[in-house]
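Heads up: the structure comes next, in structure tokens.
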Amino acid sequence: MATDQLLLEVKDLKTYFFLEEGTVRAVDGVDMVIRRGQALGVVGESGCGKSVTARSILRIVPRPGRIVQGEITLHRMRESKNGRTVTEAVRLTDLDPMGVEMRSIRGAEIALVPQEPMMSLSPVHTLGNQIIEAIMLHQRVTKAEARERAIHMLDLVGMPRPSRTIDRYPHELSGGMRQRGMIAMALCCHPSLLIADEPTTALDVTTEAQILKLIRGLRQELGMAIMYITHNLGVVAQTTEDVIVMYMGKVVEEADVDSLFHDPKHPYTRALLRSIPRLGQRTRERQRLESIRGSVPDPYALPKGCSFHPRCAQAIRGVCDREEPPYVEVGPAHKVRCVLYC
Amino acid sequence: MATSPEAGSSLPQNDLEVAEELKGEEEKIYVAPPWRLMWWRFRRHRMAVVSAVVLAVFYLVAIFCEFVAPYNPEQFFIKYKMAPPSRIHLRDAEGNWHLPFVYRIERSRDEQTMRSLFVEDTSTRYPIRFLVRGDEYKLLGLFKTNVHLFGLTVSRDEQGIFLLGADRMGRDLFSRLCYGARLSLSIGLVGVFLSLILGVILGGLSGYYGGTLDVIIQRVIELIRTIPSIPLWMALSAALPPDWPVVRVYFGITVILSLIGWTWMARVVRGRFLALREEDFVLAARLVGSSEMRIILRHMVPSFLSYIIASLTIAIPNMILGETGLSFIGLGLRPPAISWGVLLQEAQNVRSLALCPWVLTPALAVIIAVLAFNFVGDGLRDAADPYAR
Amino acid sequence: MLGYVLRRISIMVPTLLIISIISFVIIQLPPGDYLTSYAAQLRTMGDIVQQEEIDALRQRYGLGQPVYVQYFKWITGILLRGDWGQSMEWQKPVRDLIWERLALTMVLSGVSILVSWFVAIPIGVYSATHQYSIPDYILSIISFVGVGTPGFMLALVIMYVAMTAFGLNVGGLFSQEYLAAPWSWAKVVDMLKHLWIPVLIIALGSTAGSIRTTRANLLDELNKPYVETARAKGLPEGRLVWKYPVRVALNPFFSTVGWSLANLISGETLVSVVLSLQTIGPMMLRALTSQDMYLAGSFLLLLSTMTVLGTLVSDILLAWVDPRIRMEA
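Chains as they are written, first to last, in this note's numbering: chain G, 9 to 350; chain Z, 37 to 425; chain D, 326 to 654.
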């Protein structure tokens, strides 16, 4: 049963960027599993490789980046000849990124809601044009039917007056409306996995709350899995069930939301949690918000051993700066990449 | 291994060192002054560096043209009318190796076509020497001397050397090209300088004050740009009195060329001003009570100076091309002035072009100069903002 | 949209008026008036000068009167009677001389700009989507040289090559027998046969420039998030590039049609002189050198008007392709 529910497996994924200045190991051996209908949060600072992981899954890593190693497998449902639905494993890493098969998966099975709704819609095409295009790419429908579906989808994401908004250009819409439009576009082909890459970072707090609520509601309604990428731990707590913490291209800790927030193991996770303010924190004790000391290391020259050790308060000399830390299981479905728990 | 999280709370010594070391490497970039960052960026644009060297050579030739040119540009060699470029040999007819030399050139006439033929007489060799004595001139207008970069040791009545051939009057084209560089290359600089003054003042006013003044200046710029530049230049230079001396015509042409050039400069300056006006550091300067003049001179100008230099470099080729085009059709500089455009007048006639194609070499010089300026400008533009990715 | 166009046109009218003043003033700049030199010229040719004729001309154009009166007579003549003045050198009304030349200039410029786009846009797109590939390097070098080579020099080189290698004289737009012939189908065909060399020469510079612009604009657009959105939809790469980033990258193109037309006309002037084409360039040069002021002035005004019209067309095009601008209007 458990394997039946598998949706996406990522094994030892390595995506490197080959630049003049050197090679950036944006994703350096990431493993993850997403089950059907699961909401997975991916947390980390900017530049930790979370967005590149998402783009690797979609096979749209921009040049000069390249997947150099690893497997990504999608278990997709298919209608077999006798009318039963069967799951079929497709290894995305073996496909031509611009080929027919990968394109039929992109947008249909796995969809993306990008970071900046302001910039993510073409300024010279109407919203409808861009959504209808997505529908007609993956479904055999006439243009009129596609338009109907687009309007329906816009209605579903709470767009006001969808039959009129559909003919608007992006610059005529507010940020929140554009992001609703982007979500409608992502959902119009009923993907089994929605990758939301910091979908609310560019929005104000009220709009953010609305969009988060919308995504939560839609997940329940449509039963899809969500990979929610963010640097905002608060958003993770609200939206997801399981969390992955990434640092410098590696997964350093994974757990369910409760364990992660109440019993964080990795020094980096702990530091992250200490850096967010909490209601009811007593200021009289002169407790300051802590920041993580030091800065993100130069991506061209990663430190040897554990890449967090120069900033880690608990680093052990001769160990952390020498050896790659092991990935240890510390509880049910709670894993951490740190020597402290060996 | 089972160290508790609390135990290792002090940062080990060697880790600190690692952190320091990393900083040391990066420090070079972080503390470098802007001009050094620009230089690093510029250096990465290989073509720009090569072009900068080419331009340096061109301008050196222009400055020291009397020294580089073997002959006076107005010197006639009646024997060598339309002589082709001299062939420089290292090996004589018997197969012996020598330092570079030329053979004696004998002129004869084709019996049927009556065209001049130039034949090498392999019995007499004239070695090419560096730093030979020749016509007297004043170096930089100061020192009287007669030393030339290269030439033949014999008198010019006996034999001449024509690196690029001779024109219809038997004048050495290479010498004329060197002298022409002086006018052609300087007209770009002077013209750009004039455009710069006009452009910075008007563009600055337009961008800094905005409002009605901005609208008026912008309308004027649009108006000027509406008239196609070459016809406008043609009409204006046709208005220069034909009896003006060379120097005055030269400045007249320069002013005419910069009449259009300043509009581009003004646009660049205005754009920069508009962008910078919104910058936080300008607001900060205003908040601490700096005077407007101080804000402009201390804070704004330094941050767009590099852009101006880059656009200046890109504007120069247009000036050079403008002068060349005008002189070529006879509306710009006129003989006895020597510029590349004036030299190209020789190429206007297809028949003379067919007889002595080497009169086209000034065109090559123009194209090389223009390309070099474009590449250098490109490199400078890339380097102009060293903090941008 | 209509209001936008009307507003543009209303801005155009004062612009044209000021340009007509500028043209007139520039043509007035040379010392002496043309009737004096005309009379002198006729005298040296041994003609008997009819004083009445000269006086009549003097009267007609208000010569000797203040410049603004002369300007007023000139411009009202053009606007009310279509009278562009008299060409002294050709002894003909200017209007009989200019239209054919203007039409040829427009044909030449129009064809050149179309040719340069048809060549430049696909090459620019290829260069940008294959950045740093060997063809990109080669095309970049060629376009750099093309930008740096002025048309009239290229014309010289091509004339030389055609002369020495093929014994051809590539000058002119017509064969000898059609030069003075009235317009006919055969003459048009003959012109088309001659047209391609000047078109290639004139188009080269702007093609090279357009390749650089397309490439640079497209490179800026290719990394924009909306391109990634389209890719994430599963669009095939070719369709994606042409529908999204190219569309946006070409906007600045439309907005500069007017300027590129002005540049083209500018460069064409010199090329025409070299290739002795029957366009405005050579005739204007001759008019300027002989101080045939009404002819020269008319050309300056007409060329500027063409540019103004070009700018209008480009504004309309831009508003048509870019909804953001249509909104402002």
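Note that beta-carbon positions come from the ideal geometry of N, C-alpha and C, so glycine has one too.
Give the interface partners of residue i over in chain D, defined as CB-CB distance under 7 Å, in chain order.
i, result
"Ala217/G", "Result: empty, since nearest Cβ-Cβ is about 23 Å, beyond 7 Å."
"Pro120/Z", "None at all; the shortest Cβ gap to chain D is about 14 Å."
"His239/G", "Near His239/G there are no residues of chain D at all, since even the closest Cβ is about 18 Å away, more than 7 Å."
"Ile68/G", "Glu553, Arg556 and Ala557"
"Pro333/G", "Going along chain D, no residue has its Cβ under 7 Å from Pro333/G, so there is no contact; the nearest lies around 34 Å."
Using 8 Å for Cβ pairs, my map puts residue i next to residue j. What's the rounded Cβ distance?
i, j, result
"Ala202/Z", "Ala119/Z", "4 Å"
"Thr360/Z", "Phe409/Z", "Going by Cβ atoms, the distance from Thr360/Z to Phe409/Z rounds to 13 Å, so no, they are not a contact pair."
"Leu66/G", "Leu120/G", "6 Å"
"Val596/D", "Ala480/D", "5 Å"
"Thr262/Z", "Val633/D", "6 Å"
"Pro264/Z", "Ser434/D", "Not confirmed; about 10 Å, so no contact."
"Ser437/D", "Leu600/D", "So it is not a contact: roughly 13 Å between Cβ atoms."
"Ile234/G", "Leu280/G", "That pair is no contact at about 21 Å."
Closer than 6 Å by C-beta to residue i: which residues in its own chain qualify, once you throw out the five before and the five after it? Chain order, please.
i, result
"Leu58/Z", "Unreliable placement is indicated for Leu58/Z, whose pLDDT of 45 sits below 50; no coordinate value is reported for it."
"Ala453/D", "Arg540, Leu543 and Leu544"
"Val338/G", "Lys273, Val344 and Tyr349"
"Ser465/D", "none"
"Phe340/Z", "Arg308"
"Pro393/Z", "none"
"Gly224/Z", "Ile352, Met355 and Ile356"
"Ser500/D", "Asp515"
"Arg33/G", "Tyr24 and Gly257"
"Glu61/Z", "Residue confidence is low: Glu61/Z scores 49 on pLDDT, short of 50, so the model does not pin down where it sits. Its coordinate-derived value is still stated next. None."
CB-CB under 7 Å to residue i, same chain, minus the five flanking residues each way: which ones, in chain order?
i, result
"Asp39/G", "Val18, Lys19, Asp20 and Val259"
"Arg649/D", "none"
"Asp51/Z", "For Asp51/Z, the pLDDT reaches just 43, beneath the cut-off of 50, and the residue's location in the model is therefore unreliable, although a value from the coordinates is still provided. Excluding sequence neighbours, Asp51/Z sits near nothing in its chain."
"Val35/G", "Leu21, Lys22, Thr23, Gly57, Val60, Thr61, Ser64 and Gly257"
"Asp104/G", "Met110"
"Ala97/G", "Thr81 and His83"
"Leu126/Z", "Trp133, His134 and Pro136"
Using DSSP's beta-bridge definition, name the partner residues of residue i.
i, result
"Pro418/D", "Gln411/D"
"Leu188/Z", "Ile164/Z"
"Phe437/Z", "Lying before the first or after the last residue shown, residue 437/Z is absent from chain Z, which here runs from 37 to 425."
"His239/G", "Partner(s): none; His239/G has no beta bridge."
"Ile252/G", "Val50/G and Glu262/G"
"Glu142/Z", "Val155/Z"
Excluding the 5 residues preceding and the 5 following residue i in the sequence, name in chain order all residues of the same chain whose CB lies nearer than 8 Å to its CB.
i, result
"Arg165/Z", "Phe186, Gly187, Leu188 and Thr189"
"Cys320/G", "Pro275, Tyr276, Cys314 and Cys328"
"Arg330/G", "Lys312 and Gly313"
"Leu357/Z", "Val402 and Val406"
"Ala654/D", "Bear in mind that the predicted position of Ala654/D carries a pLDDT of just 45, short of 50, making it too unreliable to give a figure here."
"His81/Z", "Phe411, Asp414, Gly415, Asp418 and Ala419"
"Met431/D", "Met631"
"Met254/G", "Val38, Val50, Val51, Gly52, Cys56, Gly57, Lys58, Thr61 and Val260"
Kindly list, in the order they appear in chain G, the residues whose Cβ is closer than 9 Å to that of residue i.
i, result
"Pro339/D", "Correct list: empty, because the minimum Cβ distance to chain G is about 31 Å."
Does the beta carbon of residue i sit closer than 9 Å to a beta carbon anywhere in chain A?
i, result
"Leu560/D", "The chain inventory of the structure shown lacks chain A, comprising the protein chains G, Z and D."
Along chain D, which residues have their Cβ under 8 Å away from the Cβ of residue i?
i, result
"Gly170/Z", "Neighbours of Gly170/Z on chain D: none; closest Cβ ~32 Å, over 8 Å."
"Pro393/Z", "Tyr485 and Thr489"
"Leu389/Z", "Leu481, Met484, Tyr485 and Met488"
"Ser112/G", "Gly559"
Find the residues of chain Z that neighbour residue i, judging by a C-beta separation of less than 7 Å, and give them in chain order.
i, result
"Pro355/D", "Ala274 and Ala275"
List the residues of chain Z that residue i touches, going by C-beta distances under 8 Å, in chain order.
i, result
"Phe469/D", "Leu407, Asn410 and Phe411"
"Leu613/D", "Met270, Ala271, Ala274 and Leu367"
"Thr454/D", "Going along chain Z, no residue has its Cβ under 8 Å from Thr454/D, so there is no contact; the nearest lies around 21 Å."
Applying a beta-carbon distance threshold of less than 9 Å, which residues of chain D neighbour residue i?
i, result
"Val132/G", "Tyr569, Arg572, Val573, Asn576, Val646, Asp647, Pro648 and Arg649"
With a threshold of 8 Å (Cβ to nearest heavy atom), would residue i be considered close to the ligand FAD?
i, result
"Glu216/G", "Looking at this structure, you won't find the ligand FAD or any other ligand, since it has none at all."
Check the Cβ of residue i against every Cβ in chain G and list those closer than 8 Å, keeping chain order.
i, result
"Pro550/D", "Pro122, Gln123, Glu124, Met127 and Ser128"
Only counting runs of 4 or more residues, tell me where the alpha helix (DSSP H) segments fall wholly within the segment 129-165 of chain G, in order along the chain. Uninterrupted alpha helix (DSSP H) stretches at least 4 residues long and entirely within the segment 129-165 of chain G occur at 135-146 and 151-164, given in chain order.
Extract the residue ranges of the alpha helix (DSSP H) inside the segment 84-122 of chain Z, only unbroken runs of 4 or more that lie entirely within it. Runs found: 101-104.
In chain order, each alpha helix (DSSP H) run of at least 4 residues that lies wholly inside the segment 66-91 of chain G: Listed in chain order, there is nothing to give.
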